[in-house]
Each structure stands twice: as structure tokens, then as C-alpha cells.
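Using full-length UniProt numbering, the letters of the sequence shown correspond one by one to residues 1 to 501. Glycine included, C-beta positions come from ideal geometry on N, C-alpha and C. Since this is a predicted model, take the numbers as computed values, not measurements.
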Amino acid sequence: MEKAKMIVDKDFRVSEIDERIYGSFIEHLGRAVYGGVYEPDHPEADEQGFRKDVINLVKELNVPIVRYPGGNMVSAYNWEDGIGPKEERPRRLELAWRTIETNEVGTNEFMDWAKLVNSEVMMAVNLGTRGIDAARNFIEYCNHPGGTYYSDLRRKHGYEKPHQIKTWCLGNEMDGPWQVGHKTAEEYGRLALETAKVMRLVDPTIELVACGSSHSGMPTFPQYEATTLEHTYDAIDYISLHQYYGNASNDTANYLAKSMDMEHFIKTIISTCDYIKAKKRSKKTINLSFDEWNVWYHSNQQDRELEPWTIAPPQLEDVYNFEDALLVGSMLMTFLRNSDRVKIACMAQLVNVIAPIMTENGGKAWKQTIFYPYAHVSAFGRGVALAPVVSSPKYDSKDFTDVPYVDSVAVYNEEQEAVTIFAVNRYLEQPIELNADVRSFEDYEILEHIVLENDDLKAVNTATSQKVQPHSYGVSALRNGFVEAKLSKASWNVIRLGKKR
Ligand code: AHR
């Protein structure tokens, strides 16, 4: 059996993990909102129309922050359409996804839903068709206590207390030619700066995220970030990154290595932020908000065949397979390795639209394959990310060289006296033995070795069959301060250690 080695030492630290890296995203797109989180006629609906079965699954993921309401949709969205009496709300052509938006759910309803799932909301403002004026009114409506036009309007709508939304996105993917109101970096940088200034005048306690590149293949990457930061450096806190991967060419070895592209993307943006920091002789550090990430490609063809201008059509409904869960595991570990700078990350999205949770209208809700690595890292990946000292046999693929078969990182939770080793074995044909030196953790024992494995890389979960599910009988032992674990071929592993009680 091939062997890999790792050192897990409590003193080799990357950073305290910001729990918001386990965030997610709900856009008014397809059946994410209507049929996903909200379906008043569903047997599981609560008095506000929210699906309780979906709420329970979201709670299992323990999602600390949810980005809302878009996405591409926000760039032509009038926030005023989604407030006040529902019967008076306008139906609009939703231009990003070419559907009809009923506006039955808007800001206040979404804030209520977020409370039910114990999440904060990361709110986006429209910098496509709108700008400074709409943004200042919106933040006044959401965050100002009262005694002014918009704050009193919120109170009139039944929300006496302000929502106190802390994190705000200054638009969405403004570098993309597909975006309504697409802008050059110069245009966007100026607008983002002036909008940030005004929003902070209304509420100085907020944090702001400026748009970066829509993905690492954009022709304007990373100049778009550099120019945007030149304008906004002192006014914002985070720069945003987005990235989706797919396996359209059915080359799994290459597909599973794509988290290396993500790592490179992150490192390049960190360098770009720090270059502008040096240019400006600034003491301030800009951190990263990876506020859209996932696998997205399965539904592309199906989406091209949909009729435009319908309400909540089944858009972007990727049915994820087992190999997608492996890549998602590696993407999550990439955030942990970079947790000194990645402070927010949002799996895009949460329900039905490229999502870990799927529903049928009027029917069941279930877990897709990618639900599992997300749930595991969210549950056991809180604390301090330890510096990954891993030595693994390697392979070359179509786009990558020196891809480690074993992708791994460990997290130490001091308070709970727990250490968790996360690992993907990218070797498709054989198991690998992982030998981890954990001698700095005295009197620890293995609590559990969770494994997600399947002989069929393309196996999927549906409403009626859950073919891809984790088990807890992974093979590992702790001897003389070393964990010896068998990582099954093509597998996701969670090896949990705790202090002996
Ligand atoms: O998440 C789906 C879409 O992907 C978002 O609306 C957009 O921001 C990105 O291109």
C-alpha cells in the first residue's frame, strides 16, 4: 500500500478559524426560495410558509451566515419590491435568470427565516442598475433604529427593532459582461467607494465586501481586483472571490485536482491585496470573502432548454455524484489551509440551486452527496487550523503536476480538547496508509473515523435512494503518538481524536 505522512502539532498554527467560512448562499433563482425555503402550501410549512423539513436540514449543516438575495439577480433588483403588504408587491421580470419574480419573499421574511436556522445574513446591494441612493435607503431601512422615513417604514411593516445586518456586499460579479450593469474596474471601484462611504455614514459598524473576479479564468483577473482595491482599500474589509468547477470531460483524476487551482487563486488575491497595501503604505489588511464556490456543470444543458418568464422554474438543479463530494471536501480544506486570510466563504447555493439540499415541490427534502463533507467540516472544523505538514505520493493530470494523492488538514479545538484530521484520498485505484504524528496531543484517543466512499464515482442521492452516505467504521488506530489510518481509494475521511476521559 502507498504511504503518506503528516505532522499534526498543536503549536504549528495557521489561524483561528472564522466560522463564517461555513457560510452559504440563497439567491432568488430557480426554486431556491420558492419551493425551497418557502412553500406555504407544503404540509411541512410553518405559519409564515417556511418549510420545516428544509429548516431542519439547514440546521444540520450549522450555517453561520447566508448571503442574500443574489447573485446575478441583485444587479437588477429593487429592494423596495420585497417589503410591505404581500398583496401589493409587484411582479417583475427577473432579468438575470429570465423568470418572473413574485416578491412574495423579501428582506423581512428572509431575516425571519435566517433566525430560524440560526444564521446571520450577508446582504448584497444592487450596483448594477442602481447605486448610492438605493443603498443608503436600504441600509437605513434595515439598520437604523427609528425616527426617519425608511426606519419608520420598517417599523410600520412590523419590525420594530432594526435587523442590524453587519456584512454587506457591494454588488455582485461586476467584472462579468453577463452582469446587468457590468462595469470596468475603474467604474466599479469609484462607485463601490462612494457607496461604501455613504453606507458607513448611515451605520459605521458594518463590514463591506467589494467584488473581485467572477472566476480565476476571467481575462481581467487579477487587474480587476488591483484597480478596485486602489479605489476602495480604506473603505472596505474584504474582497470577494467566486469559483465553480466541473468534470464535463469526465477526467476524474484531473477534476479532483482542481482545488489546486482554487489554492492558486486565493494566493494570487492575497498577493494582490498585499501589493496594494504596500503601495498605499497601509497598516490595514484586506481579507478574503470566497462568497460563491461549488461544483456547477451537471444542469447546464437542461437549463438551456427551459422556457423563459415562468415562476420558480427548476434552474441550476445539479444532481451531485460521489466524486463531486470529494472535490467539495478538498475545496473546504483549501479554506482551512488559508484561514488566516479567508474569513468568509459561502457554498453556492443552499437549497435546490447547485445545492447540498434538494426538495420536491409538495414533497420530500433530501441530502445531496456534497451535503456530507460540508456538514462534517462545519461540525468538526471549528477552532484553530493547524499548519498542514503532509508528504504524499503524487501524480500528474491533464492540467496539474505534482498533485498529492492525499489532501489533508487538521483542526484543533482547544476548548473541547479535540483534534480532527480531514483527508481526501485522490487515488482512484488503491487505498493509501496515512501515518500522522500527533505526539503533541498527549492522552488523546481516536473517537471516530468517518468515511464517505463508494465504488461508483457517479453514484447520486435522490428523493427515494441515498446511495452515498458516510459510515463510521473507518480503519485507524493510535499507537505511540501516531495515527495509522487506511484511507480507502477515492474517499473522504474525518478522523476525530479527543482527550481520554
Ligand atoms: O450562483 C449562481 C450564479 O453564479 C450567481 O448568481 C452569480 O453570482 C454566479 O455567476
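Per-residue DSSP class, three states only, for residue i
i: Asp291; result: strand
i: Cys211; result: coil
i: Glu453; result: strand
i: Lys499; result: strand
i: Asn361; result: coil
i: Gly106; result: coil
i: Phe400; result: coil
i: Tyr188; result: helix
i: Tyr405; result: coil
i: residue 520; result: With the chain running from 1 to 501 in the structure shown, residue 520 is simply not present.
i: Ser491; result: strand
i: Ile270; result: helix
i: Leu316; result: coil
i: Leu478; result: strand
i: Lys166; result: coil
i: Gly36; result: coil
i: Tyr297; result: coil
i: Ser24; result: strand
i: Lys197; result: helix
i: Trp178; result: coil
i: Glu484; result: strand
First through last residue of the alpha helix (DSSP H) which encompasses residue i
i: Gly329; result: Phe322 to Arg337
i: His157; result: Taken as a continuous stretch (DSSP letters only), His157 belongs to no alpha helix (DSSP H), as it is neither H nor E.
i: Phe380; result: Phe371 to Phe380
i: Leu306; result: Element bounds for Leu306: n/a, residue is neither H nor E.
i: Phe138; result: Ile132 to Asn143
i: Thr252; result: Thr252 to Leu256
Per-residue burial, residue i [other beta carbons within 10 Å of its own, 16 or more giving buried]
i: Ala248; result: exposed
i: Lys458; result: exposed
i: Val475; result: exposed
i: Tyr238; result: buried
i: Pro308; result: exposed
i: Gly35; result: buried
i: Leu93; result: exposed
i: Thr148; result: exposed
i: Lys367; result: buried
i: Asp234; result: exposed
i: residue 502; result: The requested residue 502 is not part of the displayed model; the chain covers only 1 to 501.
i: Asn56; result: exposed
i: Asn294; result: buried
i: Gln315; result: buried
i: Arg130; result: buried
i: Gly481; result: exposed
i: Asp407; result: buried
i: Ala257; result: buried
i: Lys343; result: buried
i: His264; result: exposed
i: Tyr245; result: buried
Distance cut-off 6 Å: residue i Cβ against heavy atoms of the ligand AHR
i: Ala348; result: yes
i: Gly71; result: yes
i: Asn108; result: no
i: Asn300; result: no
i: Asn352; result: no
i: residue 530; result: No answer is possible for residue 530: it lies beyond the span of the chain, which begins at 1 and ends at 501.
i: Asn172; result: yes
Endpoints, the beta strand (DSSP E) within which residue i is located
i: Ala124; result: Glu120 to Val125
i: Glu94; result: Arg92 to Glu94
i: residue 533; result: Within the shown structure, residues of the chain are numbered from 1 to 501, placing residue 533 beyond reach of any answer.
i: Gln243; result: Tyr238 to Tyr245
i: Met6; result: Glu2 to Ile7
i: Ala345; result: Val342 to Ala348
i: Ser282; result: No beta strand (DSSP E) holds Ser282; DSSP gives it neither H nor E.
Closer than 7 Å to chain D by CB, residue i
i: Asn321; result: Reference to chain D is not applicable here, since this structure consists of a single protein chain.
query: Where in the stretch 411-464 do unbroken runs of the beta strand (DSSP E), each at least 3 residues long, occur, reported from the N-terminal end onward?
result: 418-425, 432-437 and 444-453
query: Residue ranges of each alpha helix (DSSP H) run of no fewer than 4 residues wholly in the stretch 46-99, ordered along the chain?
result: 52-61
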